[in-house]
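Undergrad: So the protein lines, in turn, are chains A and S. The first sequence begins at 1 in UniProt numbering and counts up one residue at a time. The second sequence begins at 1 in UniProt numbering and counts up one residue at a time.
Protein chains: 2
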Amino acid sequence: MAGEGYPLEQVASWPAADIASAWQRELPGVRTGSIEIITPLWRIAKVLADDRRRTLTELGVDPSTLDLLSVIRRAGPPYELTTREIARRTMVTAGAVSQRVARAEQAGLVERSSSSASRRAVAVRLTEAGHELIEPVVRQLLEHEADLIDSLSEDERATLTGILARLERALVSGGEGFGGQ
Amino acid sequence: MAGEGYPLEQVASWPAADIASAWQRELPGVRTGSIEIITPLWRIAKVLADDRRRTLTELGVDPSTLDLLSVIRRAGPPYELTTREIARRTMVTAGAVSQRVARAEQAGLVERSSSSASRRAVAVRLTEAGHELIEPVVRQLLEHEADLIDSLSEDERATLTGILARLERALVSGGEGFGGQ
DNA sequence: TCTGCTATGTTTAGGTCTAAACGTTTAGAT
DNA sequence: ATCTAAACGTTTAGACCTAAACATAGCAGA
């Protein structure tokens, strides 16, 4: 089922190169090189995000909840993280984390308890149901997304991985990923 | 001023490679290669989007409005596009376009008129104020974003441009960019 | 001990998006 | 001609996020 793949229905696009040369013509002398990187990067990010939303809908989760559960699960035993730490690692505001945790708690996937470290901190911990939900979802999601980027060759994937890592390091001092599975 | 650059304040990150190997350990045999592409890609997209929002705030526009104005401007004379066409090219729903146009119309940047082509279609056209706003904004934005990706070498930029274009074509049948300047 | 100051989590207000419902216009079929 | 289906734009309901205000808890220094 993960291998089936959606149509990824999208519409006719202008190549980013055309946009760049159009602006080059309108605003002579301006450096338009960023367009051919940033534009496709955003388009790809959006297409992948839309696809993930559809895939997760079929699996009965939403992207924000997956993001929350997986960052806790990835942290390893005892599978709990403070609100602040989750905010840092997922790159969303603490307020958003608070809301996400409230939703997931409502669904019985996580529990809040006072952290052992400090009293003002709140530990968010996976429940049994949370553990049982996330593993198969992540497995299927990873298989599906591996299929999606299979269109690139092995060499291209390796090159892309390297350049993206370099660009990310250059752009951010740090920055823990959101949606990092 | 475009060269100054923000701190791009971000927090400590786990490399995507670590996330991949963590899941590889938890779910042996699953293909985790997509993580090292999709995760940094989303992180970079978010950092760039946040940065653009800040830059545009200083210039007195918001990203959605820039997106709207620039897609019309790029279309060339007579600088008008139907709602549907804008939705296709910017990859947002027709409802969102309707709302964007309403805001921009309120600000005097665009005008609505019935399209010459068909009566049910609505043509959105740049006003004088819209024209005067967008040119300097795009110029400064492009200079700023060119600085941002300057950390990559000339070769890396060219390679990245090529692979991203290939990946985009593979993922979407078409798909006109949003935020495409 | 008291007094700021910082860190943490929550709540709220405001904004934008998507998805769906709706009414209208156009094109095609019979 | 009329009917049906599709396309278009708008509106609305619901979801989620950010930014800011808020309340509490710890910390550092006199």
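From the three backbone atoms N, C-alpha and C, an ideal C-beta is built for every residue, glycine too.
Does DSSP put Arg119/S in a helix, a strand or coil?
TA: coil
Undergrad: Compute the beta-carbon to beta-carbon distance between Leu160/S and Ile37/A, rounded to the nearest angstrom, for a pair I have assumed lies under 8 Å.
TA: 6 Å
Undergrad: List the residues of chain A whose Cβ lies closer than 7 Å to the Cβ of Leu68/S, in chain order.
TA: Chain-order list of chain A residues neighbouring Leu68/S: empty, with the shortest C-beta distance near 15 Å, by a criterion of under 7 Å.
Undergrad: With a CB to CB cut of under 7 Å and the five nearest residues on each side skipped, what residues in its chain are close to Ile19/A?
TA: Ile35 and Thr39
Undergrad: Assuming contact is defined by CB atoms lying nearer than 9 Å, are Leu41/S and Ala45/A in contact in what I supplied?
TA: yes
Undergrad: By how many angstroms is the C-alpha of Pro15/A removed from the C-alpha of Glu168/A?
TA: 24 Å
Undergrad: With a threshold of 9 Å between beta-carbons, can Val97/A be considered close to chain S, or not?
TA: no
Undergrad: Any Cβ of chain S within less than 9 Å of the Cβ of Ala22/A?
TA: Chain S, which has a Cβ nearer than 9 Å to the Cβ of Ala22/A, makes this yes.
Undergrad: Spell out the partners DSSP gives Glu111/S in its beta bridges.
TA: Arg125/S
Undergrad: In chain order, which alpha helix (DSSP H) runs of at least 4 residues are fully inside the stretch 19-66 of chain S?
TA: 35-59
Undergrad: When the Cα of Ile163/S is compared with those of Ala165/A, Leu164/A, Glu156/A and Leu27/A, which residue comes out closest?
TA: Cα-wise, what sits closest to Ile163/S is Glu156/A.
Undergrad: If you compare alpha carbons, which of Gln99/A, Val47/A and Val110/A is closest to Arg73/A?
TA: Val110/A
Undergrad: Span of the beta strand (DSSP E) holding Thr82/A?
TA: Glu80 to Thr82
Undergrad: Nearest chain S C-beta to Ile19/A closer than 9 Å, yes or no?
TA: So yes, Ile19/A belongs to the interface.
Undergrad: Rounded to whole angstroms, what is the Cα-Cα separation between Leu59/A and Leu69/A?
TA: Between the C-alpha atoms of Leu59/A and Leu69/A there is a straight-line separation of about 14 Å.
Undergrad: Hey, out of Leu142/A, Arg100/A, Val92/A and Asp51/A, whose CA is closest to Ser21/S's CA?
TA: Closest option to Ser21/S, Cα to Cα, is Leu142/A.
Undergrad: Contact criterion: CB-CB distance below 9 Å. Does Ile86/A meet it with respect to chain S?
TA: no
Undergrad: Roughly how many angstroms separate the alpha carbons of Ala170/A and Glu80/A, rounded to a whole number?
TA: When only Cα atoms are considered, Ala170/A and Glu80/A end up about 30 Å apart.
Undergrad: Please state if the CB of Arg125/S and the CB of Pro63/S are separated by a distance shorter than 9 Å.
TA: no
Undergrad: Among residues of its own chain, excluding the 5 on either side of Ala87/S, which ones have a beta-carbon nearer than 7 Å to its beta-carbon?
TA: Thr93, Ala94 and Val97
Undergrad: Is there a C-beta anywhere in chain S that falls below 9 Å from the one on Ile72/A?
TA: False, the Cβ-Cβ gap to chain S never drops below 9 Å.
Undergrad: Here's the rule: buried if 16 or more other CB atoms are within 10 angstroms of the residue's CB, otherwise exposed. What is Thr55/A?
TA: buried
Undergrad: With 9 Å as the threshold, decide whether the Cβ of Ser33/S is near any Cβ in chain A.
TA: The question names Ser, but residue 33/S in the sequence shown is Gly. Closer than 9 Å: yes.
Undergrad: Alpha helix (DSSP H) containing Leu171/A: first to last residue?
TA: Glu154 to Leu171
Undergrad: Determine, using beta carbons only, whether Ala165/A comes closer than 9 Å to chain S.
TA: Yes, its Cβ sits closer than 9 Å to a Cβ of chain S.
Undergrad: Starting from Ala75/A, follow the alpha helix (DSSP H) in both directions and report where the run begins and ends.
TA: Where Ala75/A is concerned, there is no enclosing alpha helix (DSSP H), given that its DSSP letter is neither H nor E.
Undergrad: Please work out which residues of its chain come closer than 8 Å, Cβ to Cβ, to His131/A, disregarding the five sequence neighbours upstream and downstream, and give them in chain order.
TA: Arg73 and Tyr79
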